[in-house]
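Trainee: My numbering applies: residue 661 is where the sequence shown begins, and numbers increase by one. Idealized CB from N, CA, C, for every residue including glycine. I have a structure I would like to understand better, so I am pasting it below and will then ask my questions one at a time.
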Amino acid sequence: MTPEPLVAAPARRRSAYWHTALSLTVLVAAAWLARRHWPVLETGAVRLALADQGWLLVAATAAVGTWLCAALAQQGAVPERLPRGRLVAAQFAASAANHVLPAGLGAGVVNLRFLMRSGLPAARAATAVAVKGTAGVVVRAALIASLAAACPGVLRLPRGAPGLPVILLATAVVVLLTVVLAGPLRERCRCVLGTAVADIRAVHARPGRAAALWGGSLAFAVLHCAVLIAVTQAVALPLPPARVALLYLAASSAAALLPTPGGLGSLDAALALALTAAGAPAASAASAVLGYRLLTVWLPLLPGLLVLGVLIRRKAL
661 MTPEPLVAAP ARRRSAYWHT ALSLTVLVAA AWLARRHWPV LETGAVRLAL ADQGWLLVAA
721 TAAVGTWLCA ALAQQGAVPE RLPRGRLVAA QFAASAANHV LPAGLGAGVV NLRFLMRSGL
781 PAARAATAVA VKGTAGVVVR AALIASLAAA CPGVLRLPRG APGLPVILLA TAVVVLLTVV
841 LAGPLRERCR CVLGTAVADI RAVHARPGRA AALWGGSLAF AVLHCAVLIA VTQAVALPLP
901 PARVALLYLA ASSAAALLPT PGGLGSLDAA LALALTAAGA PAASAASAVL GYRLLTVWLP
961 LLPGLLVLGV LIRRKAL
């Protein structure tokens, strides 16, 4: 009988090919848009260079805070105490890896390896990463709902779209029940779900861990919004902060559906389009997007990769 890894290898390669092809397609489309709108981008870069340095410093401080909040959320996802210094360094390295590999795979792999090196079994480490990711999704959805209620009319769904999420949710539930209740994977799924439920209960049985998980996840999303808001203030973009936060959360959530490294191309286009559609001048929107990406991606990228190399060398990953 053929070993399972050999059977699964072609499927993994096909999935990698499709992800690579889609990523290249998005990057080519982003390059085409950048070339077509190059005068606007050039004007935006000039405006960013002349922006208010005080607000840019606030944005940079908020960007640094996102790594601390990510570390807090990851600590909250496990009952055991993790080494603080290496935990923060791992989140910094994970953010850099996330901009190299597609669809958030880099951050997940770095956190998984860090937790395993910290003594957690592979199943519990994977559960901790999944719990942190789920908390982030729930918090982001709650923020979008709250800001959408506070800023009515900013997000407009196509006619008939309200029923679409219900249909998708029902389909996902049916598929999940089919996998769990039937087929040869039933026992394996029950074992994995049992481990996950036990870990989630253990975390929420300790109020400090639960507060770290949900508070860190909330602060992480809020600080990313704060980075963009501070940059918009620096370039004098004429939009209220609450509306900017809502547009960022919606655009970044939409861009996450495309598996490009760190949302490269997809987030830039979605965020610029959202700001422009909300009434911001094209040059100011380009400046805001460039400033946000500069502070959260390009400036920390090389130091983050260096930290990643050091952690690997010291066998912390």
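Would you call the CB atoms of Ala872 and Gly736 closer than 8 Å?
Mentor: Here residue 872 refers to the residue found at position 212 when the sequence shown is read from its first residue. Here residue 736 refers to the residue found at position 76 when the sequence shown is read from its first residue. A contact, by the Cβ cut-off of 8 Å.
Trainee: Taking the continuous alpha helix (DSSP H) assigned at Asp928, which residues delimit it?
Mentor: Along the sequence shown, one-based indexing puts residue 928 at 268. Where Asp928 is concerned, the enclosing alpha helix (DSSP H) stretches over 926-937.
Trainee: Can the beta-carbon of Ser877 be found closer than 8 Å to that of Ala749?
Mentor: Here residue 877 refers to the residue found at position 217 when the sequence shown is read from its first residue. Here residue 749 refers to the residue found at position 89 when the sequence shown is read from its first residue. In this structure, Ala749 does not lie closer than 8 Å to Ser877 by Cβ.
Trainee: Taking buried to mean at least 16 other C-beta atoms within 10 Å of its own C-beta, is Gln751 buried or exposed?
Mentor: In the sequence shown, residue 751 corresponds to position 91, counting from 1. Result: buried.
Trainee: Give the straight-line distance between the Cα atoms of Val857 and Arg869, rounded to the nearest whole angstrom.
Mentor: Position 197 of the sequence shown, counted from the first residue, corresponds to residue 857. Position 209 of the sequence shown, counted from the first residue, corresponds to residue 869. Roughly 15 Å separates the two Cα atoms.
Trainee: Just verifying my parser: in three-state terms, what is the DSSP assignment at Pro941?
Mentor: Sequence index remark: in the sequence shown, residue 941 carries index 281 (1-based). Three-state result, Pro941: coil.
Trainee: Taking only the alpha-carbon atoms, compute the straight-line gap between Gly939 and Val904 and give it to the nearest angstrom.
Mentor: What you label residue 939 is simply residue 279 of the sequence shown in a count that begins at 1. What you label residue 904 is simply residue 244 of the sequence shown in a count that begins at 1. One C-alpha to the other measures close to 11 Å.
Trainee: Is DSSP giving Lys975 helix, strand or coil here?
Mentor: Residue numbering aside, residue 975 sits at position 315 when the sequence shown is read from its first letter. Of the three classes helix, strand and coil, the one that applies to Lys975 here is coil, per DSSP.
Trainee: Considering only C-alpha positions, which residue in the set Ala754, Val791, Ala943, Val799 is nearest to Val738?
Mentor: Locating residue 738 in the sequence shown gives position 78, counting from the first residue. Ranking the options by Cα distance to Val738, first place goes to Val791.
Trainee: Is there contact between the segment 759-773 and the segment 808-815, where contact requires at least three CB pairs shorter than 8 Å?
Mentor: no
Trainee: Have a look at Thr936 and Arg974 and give me their C-alpha separation to the nearest angstrom.
Mentor: Within the sequence shown, residue 936 is the residue found at index 276, counting from 1. Within the sequence shown, residue 974 is the residue found at index 314, counting from 1. If I take the Cα positions, the gap works out to 46 Å.
Trainee: What did DSSP end up calling Leu907 once you bin it into helix, strand or coil?
Mentor: The count along the sequence shown starts at 1 and reaches residue 907 at position 247. The answer is helix: DSSP assigns Leu907 an H, G or I state.
Trainee: So Gly793 is in the alpha helix (DSSP H); what residue range does that whole segment cover?
Mentor: For the purposes of this step, residue 793 is identified with residue 133 of the sequence shown, where counting begins at 1. That run of the alpha helix (DSSP H) goes 782-810.
Trainee: According to DSSP, simplified to helix, strand and coil, what is Leu1024?
Mentor: Absent from the model: residue 1024. The displayed extent of the chain is 661 to 977, so no value can be given.
Trainee: Just reading off the alpha helix (DSSP H) that Thr892 is part of, what are its end residues?
Mentor: Walking along the sequence shown from the start, residue 892 turns up at place 232. Per DSSP, Thr892 belongs to the alpha helix (DSSP H) from 867-894.
Trainee: Excluding the 5 residues preceding and the 5 following Gln893 in the sequence, name in chain order all residues of the same chain whose CB lies nearer than 6 Å to its CB.
Mentor: The residue labelled residue 893 in the question sits at position 233 within the sequence shown. Here the set comprises Trp715.
Trainee: State the Cα-Cα distance for the pair Pro963 and Ser755, rounded to the nearest angstrom.
Mentor: For the purposes of this step, residue 963 is taken as the residue at position 303 of the sequence shown. For the purposes of this step, residue 755 is taken as the residue at position 95 of the sequence shown. Straight-line Cα distance between these residues: approximately 11 Å.
Trainee: Where Ala795 and Phe880 are concerned, what is the direct C-alpha to C-alpha distance, given to the nearest angstrom?
Mentor: By one-based count along the sequence shown, residue 795 stands at place 135. By one-based count along the sequence shown, residue 880 stands at place 220. The alpha-carbon atoms of Ala795 and Phe880 are separated by roughly 11 Å.
Trainee: Since Leu807 and Leu906 are thought to touch, with beta carbons under 8 Å apart, how far apart are those beta carbons, to the nearest angstrom?
Mentor: Against the sequence shown, residue 807 aligns to sequence position 147. Against the sequence shown, residue 906 aligns to sequence position 246. Leu807 to Leu906, Cβ: 4 Å. Contact.
Trainee: Taking Ala916 as the reference, give the member of Ala719, Leu950, Gly793, Arg861 with the closest Cα.
Mentor: As a working mapping, residue 916 is identified with position 256 in the sequence shown. When only C-alpha atoms are compared, the closest one is Gly793.
Trainee: Pull up the distance between the alpha-carbon of His864 and that of Leu961, whole angstroms please.
Mentor: Residue 864 sits at position 204 when you count from the first residue of the sequence shown. Residue 961 sits at position 301 when you count from the first residue of the sequence shown. So the two alpha carbons sit approximately 34 Å from each other.
Trainee: Assuming Trp949 contacts Asp928 (C-beta within less than 8 Å), just tell me the rounded distance between them.
Mentor: The residue labelled residue 949 in the question sits at position 289 within the sequence shown. The residue labelled residue 928 in the question sits at position 268 within the sequence shown. Here residue 949 turns out to be Val, not Trp, going by the sequence shown. With 8 Å as the limit, Val949 and Asp928 qualify as a contact, their Cβ atoms being about 6 Å apart.
Trainee: Assign Arg866 to one of two classes, buried (16 or more other C-beta atoms within 10 Å of its C-beta) or exposed (fewer than that).
Mentor: As a working mapping, residue 866 is identified with position 206 in the sequence shown. Exposed, by the Cβ-count rule.
Trainee: Which residue marks the beginning of the alpha helix (DSSP H) containing Leu747, and which one marks its end?
Mentor: As a first step, residue 747 is located in the sequence shown; it is residue number 87 there, counting from the start. Element bounds for Leu747: 744-758.
Trainee: Could you tell me whether the segment 881-891 touches the segment 712-728, using the rule of 3 or more Cβ pairs below 8 Å?
Mentor: yes
Trainee: For Arg953, count the other beta carbons within 10 Å of its own beta carbon; 16 or more makes it buried, fewer makes it exposed. Which is it?
Mentor: Mapped onto the sequence shown, residue 953 falls at position 293. So Arg953 counts as buried.
Trainee: Taking buried to mean at least 16 other C-beta atoms within 10 Å of its own C-beta, is Ala723 buried or exposed?
Mentor: Here the question's residue 723 lines up with position 63 in the sequence shown. By the neighbour-count rule (16 or more Cβ atoms within 10 Å), Ala723 is buried.
Trainee: Please state whether the Cβ-Cβ distance between Ala945 and Ala910 is less than 8 Å.
Mentor: Along the sequence shown, read from residue 1 onward, the residue named residue 945 stands at position 285. Along the sequence shown, read from residue 1 onward, the residue named residue 910 stands at position 250. No. Outside cutoff.
Trainee: Determine the DSSP secondary structure at Leu899, reduced to helix, strand or coil.
Mentor: One-based indexing of the sequence shown puts residue 899 at position 239. It is coil, neither helix nor strand.
Trainee: Which residues in the same chain have their Cβ closer than 8 Å to the Cβ of Val826, if we skip the five residues on either side of it in sequence?
Mentor: Working through the sequence shown from its first residue, we reach residue 826 at position 166. With a pLDDT of only 48 at Val826, under the threshold of 50, the placement of this residue in the model should not be trusted; the figure read from the coordinates follows. Excluding its 5 nearest sequence neighbours in each direction, Val826 has no C-beta neighbour in its own chain below 8 Å.
Trainee: Applying the 10 Å Cβ sphere with the 16-neighbour rule, what's the burial state of Arg861?
Mentor: As a first step, residue 861 must be located in the sequence shown, where it is residue number 201. Exposed: under 16 other Cβ atoms inside 10 Å.
Trainee: Ala711 and Gly969: beta carbons closer than 8 Å?
Mentor: Numbered from its first residue, the sequence shown carries residue 711 at position 51. Numbered from its first residue, the sequence shown carries residue 969 at position 309. Contact: no.
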